[in-house]
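Step one of this worksheet: look at the structure below.
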């Protein structure tokens with residue numbers, strides 16, 4: 737079999753997702769309806785966050801919800817993380833620093849930093865999160 741000409745794109749199977757249950761973006765996939773993407777736990781052994789997760793080659797994104805009064809126990813991950821709060825109030829401790837973020841706030845969590853956080857008793861927190869793909873969406877319970 738001959739190699740494709742330089743102008744012909746090659747089609748290959750997408751790599752396996754780093755995060756169990758996540759949607760892995762495949763060749764030619766550019767739009768994802770997050771309501772229809774597999775919903776997974778954001779941290780199965782330490783967090784109540786749940787929602788859609790899509791992975792590309794270098795980025796992982798998730799649209800996650802934490803029910804009111806619940807959250808994530810202390811954990812870390814070798815990849816950095818951004819959390820953009822869409823609804824509710826997110827209270828967290830990053831390293832030893834307490835933070836509170838409402839709708840429109842962007843929270844940065846450096847790689848290898850122990851952190852915890854969750855929704856206040858007032859209501860659920862809905863957030864969009866982004867991580868680099870050097871590791872999965874899931875962290876390691878502290």
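Residue numbers (the numbering used here): 737 to 878. Where is the CB? At the ideal position from N, CA and C, for every residue including glycine.
Taking the beta carbon of residue i as the centre, do at least 16 other beta carbons fall within 10 Å, making it buried, or is it exposed?
i	result
residue 797	buried
residue 829	exposed
residue 800	buried
residue 744	Confidence in residue 744 is poor, its pLDDT being 49 and thus under 50, which makes the residue's placement unreliable; the coordinate value appears in the next sentence. Label assigned to residue 744: exposed.
residue 782	buried
Answer with yes or no whether the minimum CB distance from residue i to chain D is below 8 Å.
i	result
residue 830	The structure shown contains no chain D, having only a single protein chain.
Of the choices the options, whose alpha-carbon is the least far from that of residue i?
i	options	result
residue 858	840, 820 and 805	805
residue 756	831, 847 and 872	872
residue 845	837, 864 and 819	819
residue 803	795, 825, 867 and 814	825
residue 780	861, 808, 788 and 764	808
residue 835	853, 868 and 870	853
residue 795	776, 813 and 868	868
residue 865	767, 838, 851 and 842	842
residue 863	751, 784 and 831	784
Terminal residues of the continuous beta strand (DSSP E) containing residue i?
i	result
residue 868	861–868
residue 835	833–837
residue 889	Outside the modelled stretch of the chain, which goes from 737 to 878, sits residue 889, for which no answer is possible.
residue 823	817–823
residue 770	Neither: residue 770 is in no beta strand (DSSP E) and is coded neither H nor E.
residue 811	807–812
residue 845	842–845
residue 873	Unbroken run through residue 873: none, as it is neither H nor E.
residue 797	795–802
Quiz prompt | At least three beta-carbon pairs within less than 8 Å, the region 758–766 to the region 787–794 | solution = yes
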